[in-house]
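Terminal number for the sequence shown in the UniProt record's numbering: 173, no gaps in between. Glycine included, every Cβ here is placed at the ideal spot set by N, Cα and C. None of these values were measured; they are calculated from a predicted model. To start, the structure under review is shown below, and the notes come after it.
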Amino acid sequence: MDDLSHYSVVERLRGGLTLEIRALRPDDRAGLLAAVDHTSAQSLYRRFFGAKRHFTDKEIAFFLNVDFTSHVALVATVDEDGERVIVGGARYVVTQPGQAEVAFTVIDHYQGRGVGAALMRHLVDIARRSGLAELTAEILPGNAPMLKLFERCGLPLGRRREAEAVHVVLRLT
Numbered sequence: 001m002d003d004l005s006h007y008s009v010v011e012r013l014r015g016g017l018t019l020e021i022r023a024l025r026p027d028d029r030a031g032l033l034a035a036v037d038h039t040s041a042q043s044l045y046r047r048f049f050g051a052k053r054h055f056t057d058k059e060i061a062f063f064l065n066v067d068f069t070s071h072v073a074l075v076a077t078v079d080e081d082g083e084r085v086i087v088g089g090a091r092y093v094v095t096q097p098g099q100a101e102v103a104f105t106v107i108d109h110y111q112g113r114g115v116g117a118a119l120m121r122h123l124v125d126i127a128r129r130s131g132l133a134e135l136t137a138e139i140l141p142g143n144a145p146m147l148k149l150f151e152r153c154g155l156p157l158g159r160r161r162e163a164e165a166v167h168v169v170l171r172l173t
């Protein structure tokens, strides 16, 4: 497989939005933190299952230092006033052979424009090429946009409601 740390694809989404989906890089720290600053408290709550506005150095290191084998992270960037800015991200972390847990975040201004679906397509493609059979996620029951993203991705989907989350399994094979 190609070196995923150099992954980069440009797509034109509905409404004419041009989006680059690329590998997250260690030098994306400022861009990643700026994206968090532009994400609503509700969206961050849905992603982290709690109020989360600031991250420890250890958490930031985890987010940025991916090996593109057991931990793959992509970002979606757009051009805003001549500068590339991160507007979303997706990642998976292998939890056991053949299976990884997946997570997504799209800043509010870009939600509903296909950014999450584009990130999903690329992450699924990478996961398949890496030999994964399943992607799993824990989603808050009230996070309808994320549940719809999983339902509409075209993959066989298993769902199980648990005490405080919906456990989702996407089968890649």
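Check: In whole angstroms, what separates the C-alpha of Ile60 from that of Arg29?
Finding: 8 Å
Notebook entry, point to check: So what does DSSP say about Asp57, is it helix, strand or coil?
Noted result: helix
Next item on the list: Would you mind reading off the limits of the beta strand (DSSP E) that contains Phe150?
Entry: From DSSP, Phe150 is part of no beta strand (DSSP E) but of the alpha helix (DSSP H) over 144–152.
Check: Where does Gly89 fall in DSSP's three states?
Finding: strand
Notebook entry, point to check: Relative to the alpha-carbon of Met120, which residue among Pro156, Pro26, Phe62, Val102 has its alpha-carbon at the smallest distance?
Noted result: Val102
Note to self: So for Arg29, helix, strand or coil by DSSP?
What the structure shows: helix
Checklist line | Where the alpha helix (DSSP H) through Val66 begins and ends | finding: Segment: none, Val66 is in no alpha helix (DSSP H) and carries neither H nor E.
Item checked: Environment of Val87 [buried if 16+ CB atoms lie within 10 Å] -> buried
Check: Under a three-way DSSP split, which group does Met1 fall into?
Finding: Note that Met1 has pLDDT 49, beneath the 50 cutoff, so the model's placement of it is unreliable and no number is given.
Next item on the list: Grab the span of the alpha helix (DSSP H) containing Arg121 for me, first residue to last.
Entry: 115–129
Notebook entry, point to check: Could you check where the beta strand (DSSP E) with Ile107 kicks off and where it finishes?
Noted result: Where Ile107 is concerned, there is no enclosing beta strand (DSSP E), given that its DSSP letter is neither H nor E.
Item checked: Those residues which DSSP pairs with Leu19 across a bridge -> Glu11
Item checked: Closest residue to Phe136 among Ala118, Pro97, Arg113 (Cα-Cα distance) -> For the record, residue 136 in the displayed sequence is Thr; it is not Phe. When only C-alpha atoms are compared, the closest one is Pro97.
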